Amino acid sequence: MSTCIVSCNKPSIQAVPTTTGIYIFCAKKKPAYIGKSINLRARLKSHFENAKIDAKERSIIESSDMIKYIITDSEFKALLLESRWIQKYRPRYNVRWRDDKSFLYIKITIKDKYPKVLITRREDDHKSLYFGPFSSVNIVRSVLKEIRRVFPFCTQKKSGAKRCFYAKINLCNPCPSEIEKLKTSKKLKATRQYRKNIRSLTKVLEGQTEHILKGLYRKIDTLKQQQNYEDAIQIRERIARLEGIVMRKKFDEDSIDQYNQSTKQIHALQTLLKTYLHVQNLHRIECYDMSTLSFQHSTASMVVFTEGLSDKKEYKRFKIKAPVQSDFQMFEEVLTRRFANTWEKPNLIIVDGGKPQVRAVQKVLLKQKITIPLIGIAKHPDRIIFGDDSLITIKPQRHHHGFRLIQELRDESHRFAKRYHTYIREKNMLK
Numbered sequence: 001m002s003t004c005i006v007s008c009n010k011p012s013i014q015a016v017p018t019t020t021g022i023y024i025f026c027a028k029k030k031p032a033y034i035g036k037s038i039n040l041r042a043r044l045k046s047h048f049e050n051a052k053i054d055a056k057e058r059s060i061i062e063s064s065d066m067i068k069y070i071i072t073d074s075e076f077k078a079l080l081l082e083s084r085w086i087q088k089y090r091p092r093y094n095v096r097w098r099d100d101k102s103f104l105y106i107k108i109t110i111k112d113k114y115p116k117v118l119i120t121r122r123e124d125d126h127k128s129l130y131f132g133p134f135s136s137v138n139i140v141r142s143v144l145k146e147i148r149r150v151f152p153f154c155t156q157k158k159s160g161a162k163r164c165f166y167a168k169i170n171l172c173n174p175c176p177s178e179i180e181k182l183k184t185s186k187k188l189k190a191t192r193q194y195r196k197n198i199r200s201l202t203k204v205l206e207g208q209t210e211h212i213l214k215g216l217y218r219k220i221d222t223l224k225q226q227q228n229y230e231d232a233i234q235i236r237e238r239i240a241r242l243e244g245i246v247m248r249k250k251f252d253e254d255s256i257d258q259y260n261q262s263t264k265q266i267h268a269l270q271t272l273l274k275t276y277l278h279v280q281n282l283h284r285i286e287c288y289d290m291s292t293l294s295f296q297h298s299t300a301s302m303v304v305f306t307e308g309l310s311d312k313k314e315y316k317r318f319k320i321k322a323p324v325q326s327d328f329q330m331f332e333e334v335l336t337r338r339f340a341n342t343w344e345k346p347n348l349i350i351v352d353g354g355k356p357q358v359r360a361v362q363k364v365l366l367k368q369k370i371t372i373p374l375i376g377i378a379k380h381p382d383r384i385i386f387g388d389d390s391l392i393t394i395k396p397q398r399h400h401h402g403f404r405l406i407q408e409l410r411d412e413s414h415r416f417a418k419r420y421h422t423y424i425r426e427k428n429m430l431k
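Numbering (full-length UniProt numbering), first residue to last: 1 to 431.
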């Protein structure tokens, strides 16, 4: 892979090809920002266009004196190359504009008897191998999902008495839980195979895919000579899958576009809120909504967006247990139950409602001595109520990126709460 250089100005971008690769904004030859794209020219043009309205983009361009770019065969290769370069050079703007908690890494517990492959936000274990950083949990999951079909591995933190779910669909094979039950000779063979899978996975993430493929092709030749055609066919299928991953021209493009949009919304929302509230980052946002009919069969939802994207595995629903006659009583029960758990704390709480609902949540947070920024979103027309002493209300422009994110959270929490409320009502009607 060769590195090409152009000047950091819009006319020079025309010389950049429309192919896949990574690009590096440089300030005095030092990387200031690293990105990747399936269309380098279009992506670089978008940086210059966005600089007209986005302070981050403007700062990157004004501080850079040249742009380097490296062409890759596929987006998968660009993805891994981008993460290695960011980890190596720690560019100023890749770090400065994103809180450390928002970076994602693939962690391999290489010192374990059966190394596990995990997704983490911290490089806090010197005994493990880390690959990244990656910008989106969807991208990381997609990468691991594809590689796992070629080299199965375990994601359970502890081995159990029974084989894991992924072992049943051949994505954890051999499964550490099953290996432990084998007799000495078979156990040794299975352990070696598992660790071999981990070594192959590691080499793929290091960008040494060609080395792995050559080894697999040699294995096929050996198996053919031994007339072991059944195993040879399995290796050939593994090669086809691995080559398919490496040479894919597009890799989870929808997730990447979704991530880029969510990043814009997060920045816009931070800018909108900082005038009225002390918000350091918006890594995790929780939105609450109540669904009730004359305070009967009352339910509540807690919807979570992580890095501006819906994080459905973090969603929670609540059935109001105590007899209630007010919003305050419902919010008090829900938030008391929520903060009694060890779930990750939010950076912002949003409540679907106007001043009465915001006041109710304020009282609950004050009573529990919880200090978390709070806003409400009222309807007809949509407007934001800030959870400060004066309950300042503003009505942002309809297409404001940050406001759109709040509306998405409100709509999702309303949908989730209403669905559970309808389920509870129908269930009670059938009794």
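Glycine included, C-beta positions come from ideal geometry on N, C-alpha and C.
If you're wondering where the values come from, they're calculated on a predicted model, not measured in any experiment.
- In this chain, the beta strand (DSSP E) harbouring Gly376 covers 374-378.
- In the DSSP assignment, Arg338 falls within the alpha helix (DSSP H) that extends over 327-339.
- Between the segment 229-247 and the segment 364-372 there are fewer than three inter-stretch CB-CB distances shorter than 8 Å, so the stretches are not counted as touching.
- For Leu81, the enclosing alpha helix (DSSP H) begins and ends at 75-89.
- A Cβ-Cβ separation of about 6 Å places Val117 in contact with Ile108 under the 8 Å criterion.
- In the three-state reduction of the DSSP assignment, Glu237 falls in the helix class.
- Looking at the DSSP output, Cys164 bridges to nothing.
- Spanning the alpha carbons of Leu129 and Asn39 requires a straight line of approximately 31 Å.
- Residues Val303 of the same chain have their beta carbon placed closer than 6 Å to that of Glu412, with the five preceding and five following residues left out of the count.
- Annotation note: the segment 111-150 contains the following uninterrupted beta strand (DSSP E) runs of length 3 or greater, listed N- to C-terminal: 117-120, 129-134.
- Ranked by Cα distance from Lys10, the first of Thr209, Leu335, Gly387, Glu49 is Glu49.
- With a 10 Å radius around the Cβ and a threshold of 16 neighbouring Cβ atoms, Leu188 comes out exposed.
- Rounded to whole angstroms, the separation of the alpha carbons of Ile320 and Phe416 is 15 Å.
- Restricting attention to Thr222, Asn170, Ile106, the CA atom closest to the CA of Ser142 is found in Ile106.
- Straight-line spacing of the CA atoms in Leu391 and Lys274 works out to 15 Å.
- Looking at the backbone, the Cα of Ile394 and that of Ile266 are separated by about 18 Å.
- For Leu405, the closest of Ser185, Ile22, Ile285, Ile24 by C-alpha to C-alpha distance is Ile285.
- Of the candidates Gly376, His283, Lys77, the residue whose Cα lies closest to the Cα of Asn347 is His283.
- The beta-carbon distance between Leu374 and Gln362, rounded to whole angstroms, is 7 Å. This is short enough to meet the 8 Å contact definition.
- Taking 8 Å as the upper bound for CB-CB distance, Leu182 and Ala190 are in contact here, some 6 Å apart.
- Taking every protein chain shown into account, the CB of Arg218 has fewer than 16 other CB atoms within 10 angstroms, so this residue is exposed.
- Residues Leu80, Ile106, Phe131 of the same chain have their beta carbon placed closer than 7 Å to that of Leu205, with the five preceding and five following residues left out of the count.
- C-alpha of Ile220 to C-alpha of Tyr69: approximately 37 Å in a straight line.
- Secondary-structure assignment with DSSP links Val6 through a beta bridge to Ile67.
- Shown here for Phe305: same chain residues with a beta carbon closer than 7 Å to its own, the five before and five after excluded, namely Ile285, Asp311, Leu409 in chain order.
- Judged by beta-carbon spacing, Ser64 lies within the 8 Å limit of Ala32, meaning their Cβ atoms are closer than that value.
- Residue burial is scored here from C-beta neighbours: Gly215 has fewer than 16 other C-beta atoms within 10 angstroms and is therefore classed as exposed.
- Between Gly21 and Thr72 a beta carbon distance of about 5 Å is seen, short of the 8 Å cut, so the two are scored as contacting.
- Contact annotation: Ser291 and His421 have beta-carbon atoms nearer than 8 Å.
- When only Cα atoms are considered, His399 and Lys28 end up about 38 Å apart.
- Annotation: the continuous alpha helix (DSSP H) that includes Asp221 extends over 209-225.
- When rounded, the separation of the alpha-carbon atoms in Pro133 and Ile198 is 19 Å.
- Residue pairing of Asp289 in beta bridges, as defined by DSSP: Ser301.
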